[in-house]
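Beneath this line is the structure, given in structure tokens, with notes to follow.
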Amino acid sequence: MDETVAEYIRRTVLKIPRDEIKTMLQKWGFLSEMQLQTVNFHQLKENISQDVVQLCEENSADIKQAAVLDIIYNHIYPNKRMWSVYQMNKTGEEIEFFDFTDFKKKFKRRLRSALKNVTINFREYEDNAIWIRIAWGTPYTKPNQYKTSYVVYHSQTPYVFLSASVLRSNLPLLCQALVVASNYHDIREVELRSHSLNSLKDIVFKRYSQNFQTYCPRPLSERKVAPESADVRIIQENRNEKERIQRVNREVFGDGPQPKLEFAQYKLETMFKSDPKMDVMYKKEPFRCLVKFSSPHLLESLKSLAPVGMADAPLSPLLTCIPHKARNYFKIREKKGFFPESFVSP
Amino acid sequence: HLATSLPLPSERDHLRPRIDLIAFMIDIKSKYSLKNVEASLAYVDASFFLGKVCFLVTGVGRVNYCSVEMNAIWKLGEVYRSPVLFCELELEGVRVATAQRLLRMLQICAGHVPGVSALSFGSLMRNSADD
């Protein structure tokens, strides 16, 4: 077995939490159940990985099998990578039956015609998700297994989720191969990025709980705000306001859990508005500024801002539109007209 | 009675007893809370500022998250001639001690402590703060 393959397998096993190693190796299926019985999974991880490499040596593992283990690891722990979203467009209404073998063939052929040194692996999952792992090399060097890109393509949708983590120079090639293989016309990047792959899918496939316009304008009497304390000696003067905030929040965010995003970025190219006497900007140029909101769970924290009293309800639509518009990167320019700011999609 | 801002909603006027002490809570981590308090102060009758108002600044345990400047708070206490108390609500000991202080102040403001009026107590607190 190639030394680089052995090292790669060893490092991949080391990444897995100790309690999960056995299950993941079983999912991998490369080592037999009998072989797995011989490994002590309670010893130090360094020793476990050495034992596993030894067994792989017996089975003469090659890079293709090692890559499958890597895919399995990334499928179970996708949140270690940063994912971006791409959308493909098709001219015309032809609904073609998706042929996985054809897709694989076209993809490999297109990619290899431009760059011979790539390792490509595919794995299909039950939810129609196709995972593609690509290890990139250069025209003169073998593929670097540690410089990988991951593509998750849901064949029934025009959406592709990409985790590049490599030089941007390979990106156009990858996009081209995807478009050709899936019989689409072109592809564009959606301004949406996050570590949580499932949340990105929730936003783009509209799987999160959305607000619906309530037909009844008055709040339903069953939905009373839970009293903050059972002590009757504490009297809330602003109960009506608190209930209004809860209602508005529910209308905007819905009842269920929010998709998990880590940040929202707003690039402002608006005019600086100040007291004319202050004379700060003598040039009539837009004031360029970047505003970034970060949080372990941005949408949940936005949802709790008004109820904890840190902001007025309803929140600015610039913040609340994030899941509906499926984007967390915005560019705001001056609008010539009534309102001082507007959305401009790049 | 807890309120998020002043003025108080008028629909509850008939249910409200006499107000003896107003404690304005400012979260040192939130500029919004300071703005809210400043706006609400405009709705307080002048007679309250004779010892029946105090400022309670919370969140002082987390120094890294201070968003409101101390100067602004001292100035507030000066301008409105009212004491400023500091506490950290997350620590039970401090919370209980602060509650006891406020309760004592309330007793004085409500006239339950003979010989001590709200005004005299207020000036007492102010003099000791200047030291």
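Chains L and Z, in that order, give the protein sequences.
For the first sequence, my numbering assigns the number 1 to the initial residue and increments by one for each residue that follows.
For the second sequence, my numbering assigns the number 347 to the initial residue and increments by one for each residue that follows.
Ideal placement from N, C-alpha and C gives every residue a C-beta, glycine not left out.
Per-residue burial, residue i [other beta carbons within 10 Å of its own, 16 or more giving buried]
i	result
Phe467 of chain Z	buried
Glu237 of chain L	buried
Trp131 of chain L	buried
Pro317 of chain L	exposed
Tyr125 of chain L	exposed
Leu387 of chain Z	buried
Lys206 of chain L	exposed
Thr12 of chain L	buried
Gln156 of chain L	exposed
Asn40 of chain L	exposed
Ile203 of chain L	buried
Phe263 of chain L	exposed
Ile187 of chain L	buried
Met416 of chain Z	exposed
Val344 of chain L	Below a pLDDT of 50, predicted positions are generally treated as unreliable, and Val344 of chain L, at 44, falls in that range; no measurement from the model is reported.
Met34 of chain L	exposed
Leu361 of chain Z	exposed
Pro353 of chain Z	exposed
Leu380 of chain Z	buried
Trp420 of chain Z	exposed
Gln26 of chain L	exposed
Span of the beta strand (DSSP E), counted from its first residue to its last, around residue i
i	result
Tyr389 of chain Z	That residue, Tyr389 of chain Z, is in no beta strand (DSSP E); it is neither H nor E in DSSP.
Asp186 of chain L	Asp186 to Ser194
Thr101 of chain L	Counting along the chain, Thr101 of chain L falls outside any beta strand (DSSP E), though it belongs to the alpha helix (DSSP H) covering Phe100 to Ala114.
Phe205 of chain L	Run containing Phe205 of chain L: none; DSSP gives neither H nor E here.
Ala264 of chain L	Phe263 to Met271
Glu434 of chain Z	That residue, Glu434 of chain Z, is in no beta strand (DSSP E); it is neither H nor E in DSSP.
Arg133 of chain L	Ala129 to Trp136
C-beta contact flag for residue i and residue j at 8 Å
i	j	result
Leu261 of chain L	Ser194 of chain L	yes
Arg81 of chain L	Ser165 of chain L	yes
Trp83 of chain L	Ser163 of chain L	yes
Thr119 of chain L	Ile63 of chain L	yes
Gly254 of chain L	Ser301 of chain L	no
Cys455 of chain Z	Lys398 of chain Z	yes
Lys72 of chain L	Trp28 of chain L	In the sequence under discussion, the amino acid at residue 72 of chain L is Ile, which differs from the Lys named in the question. Taking 8 Å as the Cβ cut-off, Ile72 of chain L and Trp28 of chain L qualify as a contacting pair.
Val160 of chain L	Leu178 of chain L	yes
Asn249 of chain L	Ala311 of chain L	no
Arg333 of chain L	Val190 of chain L	no
Gln87 of chain L	Pro139 of chain L	no
Glu285 of chain L	Lys331 of chain L	no
Met24 of chain L	Ala61 of chain L	no
Cβ of residue i within 8 Å of any chain Z Cβ
i	result
Ala306 of chain L	no
Gly309 of chain L	yes
Asn117 of chain L	no
Gln246 of chain L	no
Glu241 of chain L	yes
Pro346 of chain L	Confidence is the limiting factor: at Pro346 of chain L the pLDDT is only 40, short of 50, which leaves the residue's position unreliable, though a coordinate-based value still follows. For Pro346 of chain L, the answer is no, since every Cβ of chain Z falls outside 8 Å of its Cβ.
Tyr238 of chain L	Sequence check: residue 238 of chain L is Asn here, not Tyr. At least one chain Z Cβ lies under 8 Å of Asn238 of chain L.
Ile130 of chain L	no
Ile71 of chain L	no
CB contact below 8 Å: residue i versus chain L
i	result
Ser376 of chain Z	yes
Ala349 of chain Z	yes
Leu452 of chain Z	no
Leu354 of chain Z	yes
Gln358 of chain Z	Reading off the sequence, residue 358 of chain Z comes out as Arg, not Gln. True, the Cβ-Cβ gap to chain L drops below 8 Å.
Unbroken alpha helix (DSSP H) run spanning residue i, endpoints
i	result
Arg81 of chain L	Careful: Arg81 of chain L lies outside any alpha helix (DSSP H) and carries neither H nor E.
Ile419 of chain Z	Met416 to Val425
Contiguous beta strand (DSSP E) assignments of at least 3 residues, all confined to the stretch 143-172 of chain L: List check, beta strand (DSSP E) in window: 148-154 and 159-163.
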